[in-house]
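K.L.:
Just passing along the structure, written as structure tokens.
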């Protein structure tokens, strides 16, 4: 028998439960010559689907279960079962693994569940047909052969009777075992049901015990947390008392501070009111001075026109503020035009200071190039383009 790395799947299913018509073996010879490889041809029926662990075995005629195979080969699965060519299959058995006797054998297709799906006609392994051999014997040899034949027939009959008796005994034993197996199966099912019920009850008990243990642990934790919370509340109560005392002290201090701020606010309000009144007076005075300045400008223009002079031809710049000549001549806001013509180099409304534009002394040349304004009080120099800043600066000295 063939020794393989992996044995095929077999079963103890009897012949009565097998289906021999799902796989059909084709071109099976009556005998095969020993010493050579043989090819087994078979065909799948329409509704049969092969599987990966199916196999074809060579069995001696008279086998009872698929475990009695002599040798086997794995089935090759077709790529597409829908094709007609996939239905026709073949497998080759090597000569080394084939039987060496002249008993009758047959091919059997066994699926991966160990069930036979097809069987071939019997065949032998012998060198040639014995019917073609001419045997020449004498009378004595013939009588001897007949005697031996009778003995063999008698032995074969006795052997057959013994096999039939053993078969009956095996069937009875099989029936008894089947009955006992059914009883044991029913008993096993009952025991499994009882075991399942007991396991569920045990799980419920264990779960209840675990729930109680968890509840006890949770109550312990809650007790500890309550104790800590009580301690914290006591400490917090002490801190609150201390905080209340501090708040009372801060409240008294805040009341005193509020009284001081109220007094200070009242004083500031009074000063603000005075400043508003003073500011309004200054603004009215500023408006009056601006009106006077406009009048003086007109008078100055008439005087220059009367003298035949032009403002651009003067050697000094015309002041643009009504406060420019207050330090030199309070009667003339723009200075004395005649003194400017006669004494162009003398100091007048604009003092000689550093020019903020070119950073040099404000002489005649600088005045011609850069028109500058000088504060009559602090003598600060301002460029002509900063007229508004200059006026605001002079106004600040009067506040």
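Residue numbers (full-length UniProt numbering): 1 to 399.
All C-beta atoms, glycine included, are put in the ideal place defined by N, C-alpha and C.
1) Hey, how far is the Cα of residue 142 from the Cα of residue 99?
2) Assign residue 74 to one of three DSSP states: helix, strand, or coil.
3) How about the region 121-128 and the region 67-76: do they share at least three Cβ pairs that are nearer than 8 Å?
4) If I follow the unbroken alpha helix (DSSP H) through residue 281, where does it start and stop?
5) Report, in whole angstroms, the separation of the C-beta atoms of residue 105 and residue 123, which I expect to be a contact under 8 Å.
6) In angstroms with no decimal places, state the Cα-to-Cα distance between residue 236 and residue 225.
7) Alpha carbon to alpha carbon, how far is residue 163 from residue 65?
8) Helix, strand or coil: how does DSSP classify residue 10 here?
9) For residue 228, is the classification buried or exposed, using 16 other Cβ atoms within 10 angstroms of its Cβ as the cut-off for buried?
10) Pull up the distance between the alpha-carbon of residue 108 and that of residue 10, whole angstroms please.
11) May I ask which residues mark the beginning and end of the beta strand (DSSP E) holding residue 373?
12) Could you work out which residue in 61, 62, 89 and 54 is closest to residue 27 when comparing CA atoms only?
13) Count the other CB atoms, across all protein chains shown, that sit within 10 Å of the CB of residue 396; report buried if there are 16 or more and exposed otherwise.
14) Which residue's Cα is closest to the Cα of residue 69: 55, 46, 161 and 260?
15) If you count every other CB in all the chains shown that lies within 10 Å of the CB of residue 58, and 16 or more means buried, which is it?
16) Hey, would you say residue 116 sits closer than 8 Å to residue 48, going by beta carbons?
17) Anyone know if the C-beta pair for residue 29 and residue 60 falls short of 8 Å?
18) Let's test the definition: count the other Cβ atoms within 10 Å of the Cβ of residue 379 and tell me whether it reaches 16, buried, or not, exposed.
19) Just verifying my parser: in three-state terms, what is the DSSP assignment at residue 90?
20) What's the call for residue 110, buried or exposed, on a 16-neighbour Cβ count within 10 Å?
21) On the CB-based measure, 16 or more other CB atoms within 10 Å of its CB, does residue 186 come out buried or exposed?
22) Could you tell me which residues DSSP pairs with residue 52 in its beta bridges?
23) Counting C-beta neighbours from all protein chains within 10 Å, is the total for residue 206 16 or more, i.e. buried, or is it exposed?
24) Just the Cα atoms here: how many angstroms apart are residue 417 and residue 121?
25) Does DSSP classify residue 38 as helix, strand or coil?
26) Distance, Cα to Cα, residue 161 vs residue 180?
27) So, helix, strand or coil for residue 396, using DSSP?
28) Is residue 66 helix, strand or coil by DSSP?
29) Determine whether the beta carbon atoms of residue 25 and residue 114 lie at a separation below 8 Å.
30) Within 10 Å of its beta-carbon, does residue 158 have 16 or more other beta-carbons around it, so buried, or fewer, so exposed?
31) In whole angstroms, what separates the C-alpha of residue 232 from that of residue 248?
32) Distance, Cα to Cα, residue 31 vs residue 169?
33) Starting from residue 21, follow its DSSP beta bridges and name the residues at the other end.
34) Is residue 44 buried or exposed, if buried means 16 or more other CB atoms sit within 10 Å of its CB?
P.N.:
According to the structure data:
1) 31 Å
2) strand
3) no
4) 139-307
5) 6 Å
6) 16 Å
7) 16 Å
8) coil
9) exposed
10) 12 Å
11) 372-374
12) 89
13) exposed
14) 55
15) buried
16) no
17) no
18) exposed
19) strand
20) buried
21) exposed
22) Bridge partners of residue 52: none, in fact.
23) exposed
24) This structure does not reach residue 417, given that the chain is present from 1 up to 399, and the question cannot be answered.
25) strand
26) 28 Å
27) helix
28) helix
29) no
30) exposed
31) 24 Å
32) 35 Å
33) 118
34) buried
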